[in-house]
Amino acid sequence: MNDCIFCKIASKELPSYTIFEDDDVLSFLDIRPVHPGHSLVISKRHDPDFLALDQEAIMKMMGTIARIGRAVKTATGADGLNITTNVGAAAGQEVFHVHWHIIPRFTGDGLRRFPQQEYASKEEAFAALSHIKSALAISTAKPA
Ligand code: AMP
Ligand code: ZN
């Protein structure tokens, strides 16, 4: 039995404040918004997170995210948006079915960016860079 809450929303077993849907993608209001109009875009197919998607599914999702993003910004009068996806519990993911957040943001709304820091040295930056480039060479060898 599939206990995934977003699969149940995609199959209409559970209700949602639906904004848009096509064969592959569904968008609806987040039930606990950062600000009213905070929206989600999900893939109808169950995949645990964005990194699990194939290239075709990624393209379909991103097109809809941009479309819904424009609509949310216009409709809410937001000054900006955070368009974000959490990958993994360590990153704050709670629903393990791929979804993107479209969060209206307002000048002076008091919400902050992630805390950031300087690299301790150029060596530390180059080490991070070379590890990522090595991983990229491996991952690009996989089929798209
Ligand atoms: P994440 O932390 O990225 O996994 O975010 C999951 C989001 O799903 C949260 O912002 C929740 O408020 C939202 N959410 C959970 N259940 C529902 C639901 N039934 N309808 C709409 N949004 C939901
Ligand atoms: Zn699911």
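Once you know that position 64 of the sequence shown is 134 in the working numbering, the rest is easy, because the numbers rise by one and skip nothing. Cβ atoms here follow ideal geometry from the backbone N, Cα and C, with glycine treated the same way.
Am I right that residue i and residue j are in contact with their C-beta atoms under 8 Å? What's the rounded C-beta distance?
i, j, result
"residue 145", "residue 107", "6 Å"
"residue 113", "residue 123", "7 Å"
"residue 89", "residue 138", "6 Å"
"residue 158", "residue 119", "7 Å"
What is the residue span of the beta strand (DSSP E) that residue i lies within?
i, result
"residue 175", "169–175"
"residue 111", "109–113"
"residue 89", "88–91"
"residue 216", "Because residue 216 is not part of the residues shown, which for the chain are 71 to 214, the question remains open."
Could you check where the alpha helix (DSSP H) with residue i kicks off and where it finishes?
i, result
"residue 281", "This structure cannot speak to residue 281, because the chain is shown only from 71 to 214."
"residue 142", "125–146"
"residue 76", "75–80"
Ligand 2 heavy atoms versus the CB of residue i: any closer than 8 Å?
i, result
"residue 156", "no"
"residue 167", "yes"
"residue 120", "no"
"residue 127", "no"
"residue 159", "no"
"residue 98", "no"
"residue 116", "yes"
Mind checking residue i: buried by the 16 CB within 10 Å criterion, or exposed?
i, result
"residue 148", "buried"
"residue 167", "buried"
"residue 134", "buried"
"residue 129", "exposed"
"residue 228", "Residue 228 lies beyond the range of the chain shown here (71 to 214); nothing can be said about it."
"residue 86", "buried"
"residue 195", "exposed"
"residue 97", "buried"
"residue 151", "buried"
"residue 198", "exposed"
If you measure from the CB of residue i, is any heavy atom of ligand 1 nearer than 8 Å?
i, result
"residue 162", "yes"
"residue 183", "no"
"residue 206", "no"
Is residue i near ligand 4, going by C-beta to nearest heavy atom under 8 Å?
i, result
"residue 81", "Here the bound small molecules are ligand 1 and ligand 2; ligand 4 is not part of this structure."
Taking contact to mean at least 3 C-beta pairs separated by less than 8 Å, is the stretch 152–172 in contact with the stretch 93–110?
-> With contact defined as three or more Cβ pairs closer than 8 Å, the stretch 152–172 and the stretch 93–110 are in contact.
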